[in-house]
Amino acid sequence: MDLLEKIAATVVCGRENIHSVHPSNKKGEVGVFELVQEALAEGVDPNEILSKGLMPGIREVGIKYSKKELYIPDMLMASRSMTTGMELLKPYFASGEVTHRGVLVIGTIKGDLHDLGKNMVCMMMEGAGYEVIDLGVNVQPERFVEELEKRPGCIIGMSALLTTTMIHMEAATRLIKEKCPETLVLIGGAPLNWDFCKKIGADAYGPDAQEIIEWLDARGA
Numbered sequence: 003m004d005l006l007e008k009i010a011a012t013v014v015c016g017r018e019n020i021h022s023v024h025p026s027n028k029k030g031e032v033g034v035f036e037l038v039q040e041a042l043a044e045g046v047d048p049n050e051i052l053s054k055g056l057m058p059g060i061r062e063v064g065i066k067y068s069k070k071e072l073y074i075p076d077m078l079m080a081s082r083s084m085t086t087g088m089e090l091l092k093p094y095f096a097s098g099e100v101t102h103r104g105v106l107v108i109g110t111i112k113g114d115l116h117d118l119g120k121n122m123v124c125m126m127m128e129g130a131g132y133e134v135i136d137l138g139v140n141v142q143p144e145r146f147v148e149e150l151e152k153r154p155g156c157i158i159g160m161s162a163l164l165t166t167t168m169i170h171m172e173a174a175t176r177l178i179k180e181k182c183p184e185t186l187v188l189i190g191g192a193p194l195n196w197d198f199c200k201k202i203g204a205d206a207y208g209p210d211a212q213e214i215i216e217w218l219d220a221r222g223a
C-alpha cells in the first residue's frame, strides 16, 4: 500500500494522529496527521494528497455510511481525521497550489438549530474538493442571497430537520433564483424528499452528503 492509499485507509478508520485512542486495535500507529506530514515532506503534490488520499478516504466513508456499514460515531471520527489532514493542506489552498472544484455556501434554514447533518455535509464536501462557507444555523433566506452576491457562481446548500422549518426553504430558493436563476440550490434533511425539492424549485435533494457529491459529479459540477 503506497502512502496515499494509507492516508485514505486511515481516514476511513478514523485515526487522527499517533496519540488517538480510536480505533483501539491501532494503538500507537500513526494517523492522518503524520501521514499527510510525511507526504508533504516527500514532496508529494498537495493536490495529489487531496485527490488521491483524503478524497477517496472520505468518499469511502460516505459509501459505507449509506450502506449502514458505518454509523454516526464512525462518521464523526472520520470527520476529525479528515479535518486534521485538511488543516495541513490549508496553506497550500491559500497560496493557490491546491485548486477547489467550486464553492458551497451552506446553512441550516431559519428557525432550525440542528447542525449535525450539515456539519457532516461540510466535512465531506471539503473532502471532495469544494471550498465550504458554513453560515451556521437559523439562517435567514436573505443571508444566502448576501453570500451569493459576494461569491458569484457558488452553490447554495440548505438543511432542515423540522417540518416546521423546512417551509422556509421555499422562500430562500425563490429569492436565490430571482437573484441568479442559474445558481444550484441543494437541500437535505430528514423530513425532505425529491417531491418537496421539485415543489420549491430547488435543483437537488440528497438524504446524505454522498448522494449530493455523486449528483454534482454526474453533472460535472
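Numbered according to the numbering used here, the sequence shown spans residues 3 to 223. Just so you know, even glycine gets a beta-carbon here, dropped at the ideal spot from N, CA and C.
Cβ-Cβ separation, residue j to residue i (assumed contact under 8 angstroms), whole Å
{"i": "Val107", "j": "Ala211", "result": "Actually they are not in contact, since the Cβ atoms of Val107 and Ala211 sit about 15 angstroms apart, beyond 8 angstroms."}
{"i": "Thr167", "j": "Gly113", "result": "4 angstroms"}
{"i": "Leu188", "j": "Glu144", "result": "Between Glu144 and Leu188 the Cβ distance is about 19 angstroms, and since that is not below 8 angstroms, they are no contact."}
{"i": "Leu163", "j": "Ala192", "result": "5 angstroms"}
Alpha carbon of residue i to alpha carbon of residue j, nearest angstrom
{"i": "Leu115", "j": "Leu5", "result": "40 angstroms"}
{"i": "Tyr67", "j": "Lys92", "result": "26 angstroms"}
{"i": "Gln142", "j": "Lys70", "result": "33 angstroms"}
{"i": "Met171", "j": "Gly45", "result": "45 angstroms"}
{"i": "Glu50", "j": "Met57", "result": "10 angstroms"}
{"i": "Glu89", "j": "Phe35", "result": "9 angstroms"}
{"i": "Gly2", "j": "Val134", "result": "Since the displayed the chain opens at 3 and closes at 223, residue 2 lies outside it and no answer follows."}
{"i": "Ala80", "j": "Gly119", "result": "14 angstroms"}
{"i": "His24", "j": "Gly16", "result": "7 angstroms"}
{"i": "Asn195", "j": "Tyr207", "result": "6 angstroms"}
{"i": "Val100", "j": "Pro48", "result": "6 angstroms"}
{"i": "Leu186", "j": "Leu42", "result": "35 angstroms"}
{"i": "Thr175", "j": "Asp117", "result": "20 angstroms"}
Bridge-paired residues (DSSP) for residue i
{"i": "Thr110", "result": "Ser161"}
{"i": "Gly104", "result": "Tyr132"}
{"i": "Val34", "result": "Per DSSP, none; premise fails for Val34."}
DSSP three-state assignment for residue i, whether helix, strand or coil
{"i": "Val14", "result": "helix"}
{"i": "Tyr132", "result": "strand"}
{"i": "Val46", "result": "coil"}
{"i": "Val123", "result": "helix"}
{"i": "Val141", "result": "strand"}
{"i": "Leu72", "result": "coil"}
{"i": "Asn19", "result": "coil"}
{"i": "Leu78", "result": "helix"}
{"i": "Glu89", "result": "helix"}
Neighbour flag for residue i against chain D, beta carbons, 8 angstroms
{"i": "Pro193", "result": "No chain D is present in this structure, which holds just one protein chain."}
If we require 3 or more residues per run, which beta strand (DSSP E) segments fall completely within the segment 147–220? For the segment 147–220, whole beta strand (DSSP E) runs of length 3 or above, ordered along the chain, are 157–161 and 187–190.
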